[in-house]
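Asker: Chains as they are written, first to last, in the working numbering: chain L, -18 to 239; chain D, 2 to 258; chain X, 118 to 400.
By construction, the Cβ of each residue, glycine as well, lies at the ideal position given by its N, Cα and C atoms.
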Amino acid sequence: MTGEARTAGLNAAVRRAVAGTAASTRSFFREPLTIALLLALPAVSIEIYGASLGQFPELGVFASVGSLETTGRITGAVFATGALAGVLGLFQMISARDADRRLALCGFRGVELLGARFATVLVVSGAIAAVSTATLAGLLTTSIGAPLGVFLGLVLAGVIYGLIGVLVGSVLPRELEGSLVLVILADMDNVFASGLFAIDESVTRFAPLSQPHELVTRAVVDGTLAVDHAVAALGHVAVFGVAAVAAYTYQVERGGDD
Amino acid sequence: MAAGVGGSGGRVTAAERVATAVAMGLRELRRTPVVLALLVFLPVYIIGAFVWLVGDESVPLTIDGAETTAGMSAFAAAFMTPVAVAILAGIVGLFLMHSSRAADGRLRLAGLSATELVVARVGLLAVGTVVATGASLAVALAAFSPESVGAFAAATFLVGLTYGVLGVTVGLVLDRLAGVYVMLFAPMVDVLMFQNPLATDSPAWTALLPGHFATDALVVAAFTTDLAVGDFLGAVAYVLVVLAVGVGVFYRATAVE
Amino acid sequence: MSTNGRPSEGDATDERSANERDGRSNESSDDSRVDAEAVVEARGIEKTYDSWLPFARSVEVLDGAALEVRRGEVVGIMGANGSGKSTLMEILAGILDADAGTVERAGTVGWCPQEPRLYDRLTVDETFRLFGRAYGMTDDEIDDAREWLTDVLDFERFRDRQVRHLSGGNRQKLNLSVALMHEPDLLLLDEPYTGFDWETFLAFWDLTEELRDRGVGVAVISHIINERDRFDVVYELHEGHLHRETVGGEGHDDRDADASAQPSDTGVQSSDTDARAAGVTGE
């Protein structure tokens, strides 16, 4: 292939990738229910978790940093981000099974499709994290020490659960059932990760949301960027990422036969 | 107006029609893998995981104004039981409605009267709730021994029934996905967060939430030998109220001239 | 009122025997149709779909529609996609309320909706049993109806299959069966032959003829133009109104239409191939 042809091919590939990402991002945002959830769930989650935890006495039973109400709000933000991003990943996977095989026949390469899908997860997780960060900043009674740390923690929570969503979608490609599993997973994971209950840390650090939760907490309470937790979270991203890529490739190759 | 459809023949009684509808509904539920899977795995996951992970210190509980203490894992088992049954029953109620909504209208047109259909669906829900209660109790009782087992079981059933009816109503009003989110979020928040006996500072409005009376009765049954009669009565009353609302919504949704 | 088992020549409701006593036969002749009683009569039907979203338009679907189906008449309802045919039928069936207007029904109704409103996890047999019970049929009657319909529409070997595991065509056969297993006086069929193969398509029209001979009023929503001459009357739904057109006349014999290409009243050739293509690809 000549240099020119190669560049042209690359340009076409980039255009396709952008088109693919744009298409799936657009269809995500066009669901009214999704938009409603995106805007409402973080606020609702933060408030409810904050209020409910605020009613507990500040006991030594609960192993948490900072006041319970703050912990509650952080927990709410992390849950909302994770649950929304997870559902996104799930829906991406479901539509991928049906549509991507067809797109492949029309000229999209496997790698491009995969890239587009995962880029969508990244972009939308970022959007969800942004909404959650803004909401959290607005609703917290204390001021946030390091807002960037909060955003980073939430993005990681979103990406991790977006990938988990893709995984769930490859095993259970049904919107209703998949959402069920995902939200339950996120819910319990979140409770463990919140550090509310004195559970051995050697166990909870495997909970996918625990590292982002720590990141956000440190950023809010101490104003520091807990690099060690960020690295651990990235480790989660890597593990789930590899699994998700494998699952996606397998599914799209087999193609939407249920 | 309408000269009526079949079903007015005296050869088939109302009881037979209801019985057939319930039997078919049970078959449908039995063949829904996700419901079956939930019934098996959810209690183990929610109750079991908590019990396993939580340490064994004593926690101070405020039950009916009196202070007492309990082991953390016993508390976890007791307390996650209503959460599990509420989620299970709520999802069962939701699925009950979603799978049958369009066809129920047709069944009405075919001659099943509104009352018969309602009775059939409520009966089905009751059976589903019993199963959900059984599944949750099986795990709970393996993890700890409540002081009053009978009362504990009854209270668990009432939590389930309340949320089952809510699940049906939500299934009629919201679409599938939204319904799932609500029925997952609500029990967690209501029971786990707001009805938690560890809380010393509960705002008064938490008493209006669906899980309130039944969960209170359950906690009393778990850790004392008293019988929380007031709470039981309140729980039954709450079920009747949500049932009335749910039935009303159901009538409208499956209405036929 | 539903009758026992499959109605034979001797079985008839009071109204039908009254007609016979008056010298009107059950044969499909112009005279009997003109004087036959209306099984359903709708007048001034209006229906608007309001959206609860503040900025969405409300859709006015029906605006003063009027329609009637007589005993032993096969009526076609046609119109563009989205013109409101299904809404009209739902109102005729009684499953939906009209905003204004009246619907008078004289007898039992069987409704076959466009989407198969069935219970996905029940088998074919169980579906018959459940709906048969609802219709007030005894076990024997249900068995008879099931044998008859699974034979006529040729899906007997799927009796133990769950609805969700049936192909689209078979699901539709069951959908249709549920609508007429109790031998109603009025049949409302919304695009009933979706997914039917050619044989079943013909069997369906044979069945319709048989029902017509028995004095059942049949209304069919169809968008297959070439089938026009199978109907006695065609209503076109256009902008919320129904325009009535008599199609079937003397010598209207569907056997001729199947066998050869014959010019119909409206001048549309209905040849085998056209109808076959239309039937197979029906939406």
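Between the alpha carbons of L:GLY146 and L:THR(-12), how many angstroms are there, rounded?
Answerer: Here residue 146 of chain L corresponds to residue number 165 of the first sequence, with the count starting at 1. Here residue -12 of chain L corresponds to residue number 7 of the first sequence, with the count starting at 1. Between L:GLY146 and L:THR(-12), the C-alpha separation is close to 35 Å.
Asker: Given a threshold of 16 other Cβ atoms within 10 Å of its Cβ, counted over all protein chains shown, does D:PRO211 qualify as buried or as exposed?
Answerer: The sequence position of residue 211 of chain D within the second sequence is 210, counting from 1. D:PRO211 should be labelled buried.
Asker: Give me, in chain order, the residues of the same chain whose beta-carbon lies closer than 7 Å to that of D:ALA133; leave out the 5 immediate sequence neighbours on both sides.
Answerer: Here residue 133 of chain D refers to the residue found at position 132 when the second sequence is read from its first residue. These residues qualify, in order along the chain: LEU40, VAL86, LEU89, ALA90, VAL93 and GLY161.
Asker: Quick check on DSSP: helix, strand or coil for X:MET254?
Answerer: Taking the third sequence and counting its residues from 1, the one referred to as residue 254 of chain X is at position 137. Correct three-state label for X:MET254: coil.
Asker: Mind checking if D:LEU241 is an interface residue toward chain X, Cβ cutoff 9 Å exclusive?
Answerer: One-based indexing of the second sequence puts residue 241 of chain D at position 240. No, its Cβ sits nowhere closer than 9 Å to a Cβ of chain X.
Asker: Excluding five sequence neighbours on each side, which residues of the same chain lie with their C-beta closer than 7 Å to the C-beta of D:GLY247?
Answerer: On the second sequence, position 246 is the one that residue 247 of chain D refers to. Excluding residues within five positions, the ones whose Cβ falls inside 7 Å are VAL166, VAL169 and THR170.
Asker: Who are the neighbours of D:THR216 on chain X, taking C-beta pairs under 7 Å?
Answerer: Looking up residue 216 of chain D in the second sequence gives position 215. None at all; the shortest Cβ gap to chain X is about 33 Å.
Asker: Would you mind reading off the limits of the beta strand (DSSP E) that contains X:VAL337?
Answerer: Sequence index remark: in the third sequence, residue 337 of chain X carries index 220 (1-based). Per DSSP, X:VAL337 belongs to the beta strand (DSSP E) from 334 to 338.
Asker: Classify L:ASN(-8) as buried or exposed, calling it buried when 16 or more other Cβ atoms lie within 10 Å of its own Cβ.
Answerer: As a first step, residue -8 of chain L is located in the first sequence; it is residue number 11 there, counting from the start. So L:ASN(-8) ends up on the exposed side.
Asker: Spatial neighbours of D:LEU159 within its chain, please: CB distance less than 6 Å, with the 5 preceding and 5 following residues excluded, ordered by chain position.
Answerer: Walking along the second sequence from the start, residue 159 of chain D turns up at place 158. Around D:LEU159: ALA215 and ALA236.
Asker: Residues in its own chain within less than 7 Å of X:ALA135 by CB, not counting five upstream and five downstream?
Answerer: Position 18 of the third sequence, counted from the start, is the residue given in the question as residue 135 of chain X. At X:ALA135 the pLDDT is 44, less than 50, meaning the model places this residue with poor confidence and gives no usable figure here.
Asker: What number of angstroms, rounded off, separates the C-alpha of X:LEU283 from the C-alpha of D:LEU30?
Answerer: By 1-based counting over the third sequence, the position of residue 283 of chain X is 166. By 1-based counting over the second sequence, the position of residue 30 of chain D is 29. Near 19 Å, if we compare the C-alpha coordinates of D:LEU30 and X:LEU283.
Asker: As an exercise, report each continuous alpha helix (DSSP H) stretch of at least 4 residues that is fully enclosed by the segment 42 to 108 of chain D, in chain order.
Answerer: Here the runs fully enclosed are 50 to 54.
Asker: Would you mind working out which of L:VAL226, L:GLY63 and L:ARG(-4) sits nearest L:VAL136, comparing C-alpha positions?
Answerer: For the purposes of this step, residue 136 of chain L is taken as residue 155 along the first sequence, with counting starting at 1. Ranking the options by Cα distance to L:VAL136, first place goes to L:GLY63.
Asker: Using a Cβ-Cβ cutoff of 8 Å, what residues of the segment 226 to 247 of chain X are near chain D? List them in chain order.
Answerer: So the list reads VAL226, TRP228, PRO230, GLU232, ARG234, LEU235, TYR236, ASP237, ARG238, LEU239, GLU243, ARG246 and LEU247, given in the order they occur along the chain.
Asker: Could you name each continuous alpha helix (DSSP H) segment of 4 residues or more that falls completely within the segment 90 to 159 of chain L, going from the start of the chain to the end?
Answerer: If we require 4 residues or more, the alpha helix (DSSP H) runs fully inside the segment 90 to 159 of chain L come out as 91 to 120 and 128 to 152.
Asker: Does the structure place the segment 187 to 204 of chain D close enough to the segment 69 to 87 of chain D that three or more beta carbon pairs sit under 8 Å?
Answerer: Taking 8 Å as the limit for Cβ pairs, the verdict is that the segment 187 to 204 of chain D does touch the segment 69 to 87 of chain D.
Asker: Can you tell me the Cα-Cα spacing of L:TYR142 and L:LEU69, whole angstroms?
Answerer: Numbered from its first residue, the first sequence carries residue 142 of chain L at position 161. Numbered from its first residue, the first sequence carries residue 69 of chain L at position 88. Cα-Cα distance, rounded: 9 Å.
Asker: To the nearest angstrom, report how far apart D:ALA152 and D:ALA121 are at their CA atoms.
Answerer: Counting from one through the second sequence, the residue named residue 152 of chain D turns up at place 151. Counting from one through the second sequence, the residue named residue 121 of chain D turns up at place 120. Straight-line Cα distance between these residues: approximately 27 Å.
Asker: Could you check how far apart the C-beta atoms of X:ARG288 and X:VAL295 are, in whole angstroms? I think they sit under 8 Å.
Answerer: For the purposes of this step, residue 288 of chain X is taken as residue 171 along the third sequence, with counting starting at 1. For the purposes of this step, residue 295 of chain X is taken as residue 178 along the third sequence, with counting starting at 1. No, X:ARG288 and X:VAL295 are not in contact; Cβ-Cβ is about 11 Å, not under 8 Å.
Asker: Applying a beta-carbon distance threshold of less than 7 Å, which residues of chain L neighbour D:PHE1?
Answerer: As displayed, chain D neither begins before 2 nor continues past 258, which places residue 1 of chain D out of reach and without an answer.
Asker: Would you mind reading off the limits of the beta strand (DSSP E) that contains X:LEU184?
Answerer: Within the third sequence, residue 184 of chain X is the residue found at index 67, counting from 1. From DSSP, the beta strand (DSSP E) with X:LEU184 extends over 176 to 187.
Asker: Can the beta-carbon of L:LEU215 be found less than 9 Å from the beta-carbon of L:LEU71?
Answerer: Counted from its first residue, the first sequence places residue 215 of chain L at position 234. Counted from its first residue, the first sequence places residue 71 of chain L at position 90. No, the Cβ-Cβ distance between L:LEU215 and L:LEU71 is not below 9 Å.
Asker: Rank D:PHE145, D:ARG177 and D:TYR182 by C-alpha distance to the C-alpha of D:PHE51 and give the top, closest one.
Answerer: Counting from 1 along the second sequence, the entry for residue 51 of chain D is found at position 50. Of the candidates D:PHE145, D:ARG177 and D:TYR182, the one whose C-alpha sits nearest the C-alpha of D:PHE51 is D:PHE145.
Asker: Counting along the chain, where does the beta strand (DSSP E) carrying X:TYR352 start and finish?
Answerer: If you number the third sequence from 1, residue 352 of chain X lands on position 235. Counting along the chain, the beta strand (DSSP E) containing X:TYR352 begins and ends at 350 to 355.
Asker: I need the DSSP call for X:ILE162, collapsed to helix, strand or coil.
Answerer: Counting from 1 along the third sequence, the entry for residue 162 of chain X is found at position 45. Looking at X:ILE162 - three-state DSSP - the assignment turns out to be strand.
Asker: Identify whether X:THR219 lies in helix, strand or coil by the three-state DSSP scheme.
Answerer: Mapped onto the third sequence, residue 219 of chain X falls at position 102. Three-state result, X:THR219: strand.
Asker: What does a CB cutoff of less than 8 Å around L:GLU(-15) pick up in its chain, not counting 5 residues either side in sequence?
Answerer: Here residue -15 of chain L refers to the residue found at position 4 of the first sequence. There are no such residues.
Asker: Reducing DSSP to helix, strand and coil, say where D:ALA229 ends up.
Answerer: Walking along the second sequence from the start, residue 229 of chain D turns up at place 228. Coil, per DSSP.
Asker: With which residues is X:GLN279 paired in a DSSP beta bridge?
Answerer: Counted from its first residue, the third sequence places residue 279 of chain X at position 162. DSSP, once it has assigned bridges, lists X:THR240 as partnering X:GLN279.
Asker: Under 6 Å Cβ to Cβ from X:ASP167, same chain only, skipping five residues before and after it: list those, please.
Answerer: Your numbering for residue 167 of chain X matches position 50 in the third sequence. The answer, listed in chain order, is SER175.
Asker: Is any beta-carbon of chain D found at less than 9 Å from that of L:GLU195?
Answerer: The sequence position of residue 195 of chain L within the first sequence is 214, counting from 1. Not one chain D Cβ lies under 9 Å of L:GLU195.
Asker: Check this for me: beta carbons of L:THR116 and L:ALA24, under 9 Å apart or not?
Answerer: Within the first sequence, the letter at position 135 stands for residue 116 of chain L. Within the first sequence, the letter at position 43 stands for residue 24 of chain L. In this structure, L:ALA24 lies closer than 9 Å to L:THR116 by Cβ.
Asker: Identify which residue in L:ARG98, L:VAL105, L:GLY(-10) and L:PHE221 has its Cα closest to the Cα of L:SER76.
Answerer: Reading the first sequence from its first residue, position 95 is the one you call residue 76 of chain L. Taking only the C-alpha atoms, the option nearest L:SER76 is L:ARG98.
Asker: Of all the residues that make up the segment 194 to 215 of chain X, which are near chain D by a beta-carbon distance shorter than 8 Å?
Answerer: So the list reads ALA210, GLY211, ILE212 and ASP214, given in the order they occur along the chain.
Asker: Using the beta-carbon of each residue, which ones in chain X are nearer than 7 Å to D:SER101?
Answerer: Taking the first residue of the second sequence as position 1, residue 101 of chain D is located at position 100. Correct list: TYR236.
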